[in-house]
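Following: one structure in structure tokens, then a few remarks.
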Amino acid sequence: MKVQPDATATPTRTSSLPPKIQAELAAIVQKVGNLFSARITDISPSPSTATPNPNPNPNPNPNAQTSATPSWRLILSAEGLPQPLQTDIRTAQLPQDWLVGRMLQLQVTALGLKVVDSLAPPQTEPAQALLATTLQTLSKWLPLQGDLRRNLEALVRLSSDTRLPRDLAQTLNKLNQALPTPPRISEAGGLKQAIQQSGVGLERHLLRTLAENRAAAPDKSAISSGAEPRLLSAAPQDIKALLTVALGATLAQLNRLPNSALPANWEQLVSWLTRQTAEQPGMATGGHPLQFPPPMGREGGRPPLPANLDAGEMLRALAQATARLHSHQLNALQQNLSAGPDQTGAQVWFVEVPVAAPRMDSIQMRFEKEQRGGAKDNKKSHWKIVLAFDLEGLGPMQSQVLYTEGTVSATFWAMEQRTLGLVTEELPRLRKGLQDWGLEVGDLAVRKGAPPTPSAPISRQLIDERA
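Just so you know, we're using our numbering here: the sequence shown kicks off at 14 and counts up by one.
Written out as structure tokens, the structure reads:
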């Protein structure tokens, strides 16, 4: 991104610089030269956002920058400098890519520091190194996950316990209210919202929200200083955010109890939960650990947790539910990074949406996008969406939806004959609904049993599924 050498890129307003700033610029030139790169380490509104106009003009140019233009203070760090630089950038709106960690190329001029170019952060890790790091992290978190439905069921019951500390009880109550219900997810808008609040995009949402807050807040005090208030402020109904905040409140409470055998901080939590898992095999879900959704009927039963959880059981339920959602994100990331040359352009997302019914359920979703074709601008996108659930009264079910350039086809699998009959009766209405949306409908099939284990890219499965 090129920044033009105008007033928006010049931190100073006059050519007469104070002697102290002139000395600092001279020291910079001596240390690193006139042109150097620096990384943004902090962004905040400048205390002084307006300067008097020395030459008032009764007929101002509407395109000219006025004194009302806000000024932003950037703290920059660069090698070779004795201390971080602090500079003001005058701009109507800070560019969206100017975040903490961004690299700027700066030039020392007679007017001060000028932004010459905005550089992308260097790729510190190649793809293979990033894949190795992801696999290492996934291997740590994967064994710690537990059945999301079972743990959320226990936490929902616990939300009405009057013996809990106030902040923890409030967070669990918010978690209970945030869980989607069957009527809510039966509508397209409700399902979309449930996916967005499932935790799958929490970190990305936090980065975007924090950047918007920094640009909009009149002063830095308007941004929450603590990590947990910031989580709930940016994502008040996100399942993973609420679980993380509840975990933090639990650890803070345990930290006040002397001589406790339970962990009192995040570092101790992972070691403690690892030992718990090793001592109680079978706590994690069954099936292949990286297959998502797992094979139908492989997750087995889920004996309920005790009605009254002690501190250790509550901590374990929170940690296992959080690890479950975190593992989904890491699993999808490692599969995206390890896609072979035959699947160039393939992307995958794993989502598990809890459903608060009389019995806690969940819908597991796998989204795959693959781009293939000749010319760069004429690539066709193939989408495959897998939905798996085991709802009360229906039994284990799975559906696979294939979409390519306005054409959709689907196959439904169910274990129980009664469920197969219900799905078959609804196929004409499903076909009409898809056609009303302007889609061309291919095959809609219903089959008994479990779907075959996928072993080919989407484009090949388009032929297999329609055969």
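Ideal Cβ positions, reconstructed from N, Cα and C, are used throughout, including at glycine.
The model shown is predicted, which means the values in this text are computed figures rather than measured ones.
| Item | Value |
| --- | --- |
| Look up Gln120 in the DSSP assignment and say whether it is helix, strand or coil. | strand |
| Taking only runs of the beta strand (DSSP E) that begin and end inside the segment 370-447, which ones reach a length of at least 3 residues, in chain order? | 374-385, 393-404, 408-417 and 420-427 |
| Could you compute how far the alpha carbon of Asp160 sits from the alpha carbon of Glu405? | 16 Å |
| Which of the three DSSP states, helix, strand or coil, is assigned to Arg115? | coil |
| Consult DSSP for Trp450 and reduce its assignment to one of helix, strand or coil. | coil |
| Can you name the start and end residues of the beta strand (DSSP E) that Ala51 belongs to? | Leu48 to Pro58 |
| When you compare the CB positions of Ser50 and Trp85, do they come within less than 9 Å of one another, or not? | no |
| Should the segment 183-195 be called in touch with the segment 253-269, which here means at least 3 C-beta pairs below 8 Å? | yes |
| Could you check what DSSP says for Asp130 in three-state terms: helix, strand or coil? | strand |
| Just the Cα atoms here: how many angstroms apart are Lys505 and Arg243? | The structure shown does not extend to residue 505, since the chain spans only 14 to 480, so no value can be given for it. |
| DSSP has Gly125 in a bridge; who is on the other side? | Thr122 |
| Would DSSP call Asp456 helix, strand or coil? | strand |
| Suppose only complete runs of 4+ residues qualify. What are the alpha helix (DSSP H) ranges in the segment 149-227, listed by chain order? | 161-171, 179-191, 195-198 and 201-209 |
| Whose C-beta lies closer than 7 Å to the C-beta of Leu433 among residues of the same chain, with five residues either side of it excluded? | Ala427, Val459 and Lys461 |
| Beta-carbon separation of Leu144 and Leu350 under 9 Å? | yes |
| Excluding the five sequence neighbours on either side, which residues of its own chain have a C-beta within less than 6 Å of the C-beta of Leu30, listed in chain order? | none |
| Alpha carbon to alpha carbon, how far is Leu331 from Ala207? Give it in angstroms, no decimals. | 20 Å |
| Tell me where the alpha helix (DSSP H) around Pro32 begins and ends. | Pro32 to Val45 |
| For Lys44, count the other beta carbons within 10 Å of its own beta carbon; 16 or more makes it buried, fewer makes it exposed. Which is it? | exposed |
| Where do the N-terminal and C-terminal ends of the beta strand (DSSP E) with Glu365 fall, by residue? | Gln360 to Val368 |
| Between which two residues does the alpha helix (DSSP H) containing Gln266 stretch? | Ile252 to Asn268 |
| Quick check on DSSP: helix, strand or coil for Ser351? | coil |
| Which of helix, strand or coil does DSSP assign to Ser246? | helix |
| From Gln360 to Leu219, what does the alpha carbon distance come to, in whole angstroms? | 22 Å |
| Run the CB neighbour count on Leu303, radius 10 Å, all protein chains shown included, and call it buried at 16 or more, exposed below. | exposed |
| Are three or more beta carbon pairs between the segment 319-333 and the segment 160-171 nearer than 8 Å? | yes |
| List the residues that DSSP assigns as beta-bridge partners of Ser90. | Arg52 |
| For Glu381, count neighbouring Cβ atoms within 10 angstroms of its own Cβ and tell me buried if that reaches 16, exposed if not. | buried |
| So, using beta-carbon positions, are Leu245 and Leu256 closer together than 9 Å? | no |
| Considering Cα atoms alone, identify which of Pro249, Val129 and Thr175 is closest to Ala191. | Pro249 |
| For Leu112 versus Leu119, is the C-beta distance shorter than 9 Å? | no |
| With H, G and I counted as helix, E and B as strand and the rest as coil, what does DSSP make of Pro465? | coil |
| Once you ignore the five residues that flank Gln99 on each side, which residues in its own chain have a CB closer than 6 Å to its CB? | Ile88 |
| Report the CB separation of Ala215 from Lys253 in whole angstroms; it is logged as a contact under 8 Å. | The sequence given here places Leu at residue 215; Ala does not occur at that position. Contact flag correct, Cβ pair sits at about 5 Å. |
| Is the CB-CB distance between Gly455 and Val421 below 9 Å? | yes |
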